[in-house]
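In UniProt numbering, the protein residues as written are 1 to 486. Every residue gets a Cβ at the ideal spot worked out from N, C-alpha and C, and that includes glycine. Below is one structure, written out as structure tokens; the observations come after it.
Okay, structure coming up:
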């Protein structure tokens with residue numbers, strides 16, 4: 001009988017393991033299994049650093065049926081191995097993001113240096129100095145593209161570890177993942193090439209000029225600044241903390257840029273909005289100045305201060321009209337600035353509304369004071385109703401039926417009745433509005449505690465009734481015995 005029972009338990013465990021594998025979950029080891037096993041006087045490691053798990057040590061240290069699906073051992077069956085490998089991959093990804101951040105900022109700094117030297121007339125686009133600097137930008141761009149590919153490879157490995165996948169193709173969502181990688185590579189590959197290429201450009205007045213293509217490439221190269229978001233995410237405490245990593249991995253919570261941005265907006269919204277607005281002002285001002293100065297170097301918009309003024313009034317959706325862009329590139333930058341201004345203004349309004357909202361203690365104090373004031377108003381109005389009603393009754397007893405004085409007293413009576421009713425209704429409204437989710441949850445908890453207390457009392461009463469019935473039954477049996485003896 002014991003053999004059949006053991007066999008049934010093992011078949012049940014194999015079925016559970018198969019269901020867990022199909023669902024993407026992990027097989028948690030039996031708590032009774034020691035973390036290390038002693039063999040030949042030495043202790044084996046609980047978490048193996050190698051990619052493959054030895055069947056002699058892993059299967060030997062696990063309970064029967066806990067070795068994987070249908071006896072097949074997987075390296076992801078060990079949850080300690082999963083957490084350790086995930087930590088190693090996250091540290092490796094952090095290092096790659098540091099390389100991305102350094103190469104991206106290096107390329108942008110070289111681009112700004114070369115553009116400013118060209119604007120100030122130090123050299124032209126065909127000089128050796130410009131070609132050397134742009135060649136250095138190309139080298140940094142190649143290094144950035146390689147780092148991006150490695151970053152996505154590590155991301156795929158992290159997904160495989162989290163979901164216990166053995167094939168990397170399961171982590172790639174076709175075609176979204178492939179298009180995302182290609183789009184990111186395309187964005188980061190844009191840079192001023194080490195040759196001088198000029199294209200025809202038309203201004204808003206229809207004037208035709210030959211403009212260097214580096215102006216467009218330099219502005220589009222600023223799109224690499226999205227890597228700053230990656231850098232902030234991988235160095236944020238939500239991702240560097242070991243407990244947060246474990247909770248995120250076990251609960252399938254993706255800690256990405258959007259998650260960290262929402263966390264920062266909930267903790268330091270003012271600092272985030274000021275930083276975003278300042279970054280938009282600096283970047284868009286430089287982009288607008290570059291568009292204008294390559295087309296018409298002597299225009300008012302080619303000044304950085306004038307570009308900042310135009311960007312500011314466009315960001316705030318004011319638009320005085322004293323300065324306006326003279327190129328289609330400048331108009332495009334102005335439109336983007338306006339859209340960013342509208343979105344940032346919406347965030348600013350939401351943050352201000354949240355900051356101006358009363359806290360729970362302030363709301364309770366305000367509601368209490370308002371109720372006290374309304375009670376006073378209602379009592380005063382009730383006393384006025386009694387006073388004016390007695391005045392009208394006395395005037396009626398005295399035979400005063402008409403007259404201005406009686407009409408005035410009657411109007412005061414109606415006004416007092418109206419004030420009393422309004423105070424009562426407003427007090428009821430305050431009571432209804434003060435009930436929120438927290439109050440409802442507290443009431444539900446109180447009701448739950450009362451119900452549990454009643455259930456406990458009913459159980460105790462039921463036990464007492466059962467005990468009483470048993471005692472009465474024993475008394476009845478003893479009485480039967482006594483009567484039987486007689």
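Could you spell out the range, first to last residue, of the beta strand (DSSP E) harbouring residue i?
| i | result |
| --- | --- |
| residue 210 | 208-212 |
| residue 200 | 198-202 |
Straight-line CA distance for residue i to residue j?
| i | j | result |
| --- | --- | --- |
| residue 284 | residue 217 | 15 Å |
| residue 224 | residue 430 | 53 Å |
| residue 484 | residue 474 | 15 Å |
| residue 386 | residue 399 | 20 Å |
| residue 128 | residue 260 | 44 Å |
| residue 332 | residue 219 | 11 Å |
| residue 454 | residue 447 | 10 Å |
| residue 467 | residue 479 | 18 Å |
| residue 162 | residue 86 | 8 Å |
| residue 355 | residue 276 | 19 Å |
| residue 327 | residue 210 | 13 Å |
| residue 82 | residue 95 | 20 Å |
| residue 377 | residue 370 | 11 Å |
| residue 255 | residue 228 | 16 Å |
| residue 92 | residue 226 | 20 Å |
| residue 403 | residue 363 | 49 Å |
| residue 383 | residue 412 | 12 Å |
| residue 391 | residue 410 | 9 Å |
| residue 432 | residue 426 | 10 Å |
| residue 154 | residue 187 | 20 Å |
| residue 32 | residue 84 | Caution is warranted here: a pLDDT of 40 is assigned to residue 32, below 50, making its placement in the model unreliable, and the coordinate value is therefore given only provisionally. One C-alpha to the other measures close to 21 Å. |
| residue 103 | residue 279 | 20 Å |
| residue 157 | residue 189 | 25 Å |
| residue 472 | residue 481 | 14 Å |
| residue 51 | residue 80 | Low local confidence applies: a pLDDT of 39 at residue 51 is under 50, so the model's placement there is unreliable, with the coordinate-based value given in what follows. Going by the C-alpha atoms only, they are around 13 Å apart. |
| residue 456 | residue 438 | 27 Å |
| residue 345 | residue 335 | 15 Å |
| residue 499 | residue 122 | No statement about residue 499 is possible, as the shown extent of the chain runs from 1 to 486 and does not include it. |
If contacts are defined as beta-carbon pairs under 8 Å, then residue i and residue j qualify, I think. What distance do you get, rounded to the angstrom?
| i | j | result |
| --- | --- | --- |
| residue 434 | residue 367 | 5 Å |
| residue 185 | residue 222 | Wrong, their Cβ atoms sit about 17 Å apart, outside the cutoff. |
| residue 395 | residue 406 | 6 Å |
| residue 273 | residue 374 | So it is not a contact: roughly 39 Å between Cβ atoms. |
| residue 194 | residue 138 | 6 Å |
| residue 351 | residue 297 | The pair is not a contact, with the Cβ atoms about 41 Å apart (cut-off 8 Å). |
| residue 499 | residue 343 | The question about residue 499 has no answer here: the residues shown for the chain are numbered 1 through 486. |
| residue 111 | residue 191 | 7 Å |
| residue 230 | residue 271 | So it is not a contact: roughly 20 Å between Cβ atoms. |
| residue 234 | residue 97 | 5 Å |
Using the beta-carbon count (16 or more within 10 Å), is residue i buried or exposed?
| i | result |
| --- | --- |
| residue 294 | buried |
| residue 118 | buried |
| residue 28 | With a pLDDT of 42 at residue 28, under the threshold of 50, the modelled position of that residue is not reliable, and no figure is offered here. |
| residue 317 | exposed |
| residue 247 | exposed |
| residue 167 | exposed |
| residue 487 | The structure shown has nothing for residue 487, since the chain only spans 1 to 486. |
| residue 459 | exposed |
| residue 408 | exposed |
| residue 40 | With a pLDDT of 39 at residue 40, under the threshold of 50, the modelled position of that residue is not reliable, and no figure is offered here. |
| residue 358 | exposed |
| residue 423 | buried |
| residue 100 | buried |
| residue 180 | exposed |
| residue 215 | buried |
| residue 89 | buried |
| residue 134 | buried |
| residue 450 | exposed |
| residue 126 | exposed |
Just curious, the alpha helix (DSSP H) that residue i is in, first and last residue?
| i | result |
| --- | --- |
| residue 84 | 79-119 |
| residue 172 | Premise fails: residue 172 is in no alpha helix (DSSP H) and is neither H nor E. |
| residue 393 | 360-397 |
| residue 330 | 328-356 |
| residue 145 | 128-163 |
| residue 195 | Looking at the DSSP string, residue 195 is not in any alpha helix (DSSP H), and its letter there is neither H nor E. |
| residue 284 | 269-295 |
| residue 422 | 404-433 |
| residue 227 | 227-234 |
| residue 313 | 304-315 |
| residue 240 | 237-240 |
Cβ contact (3+ pairs, closer than 8 Å) linking the stretch 277-291 and the stretch 167-187: The stretch 277-291, when compared against the stretch 167-187, does not touch it at the 8 Å Cβ threshold.
The stretch 129-143 contacting the stretch 252-271, beta-carbon criterion three pairs below 8 Å: Of all C-beta pairs linking the stretch 129-143 to the stretch 252-271, fewer than three are shorter than 8 Å, placing the two stretches out of contact.
Contact between the stretch 200-211 and the stretch 164-173 is defined here as three or more beta-carbon pairs at a separation below 8 Å; is this criterion met? Judged by Cβ distances under 8 Å, the stretch 200-211 makes no contact with the stretch 164-173, as fewer than three pairs qualify.
Should the stretch 304-311 be regarded as contacting the stretch 322-330, the criterion being three or more beta carbon pairs within less than 8 Å? Cβ pair count under 8 Å is three or more, so yes.
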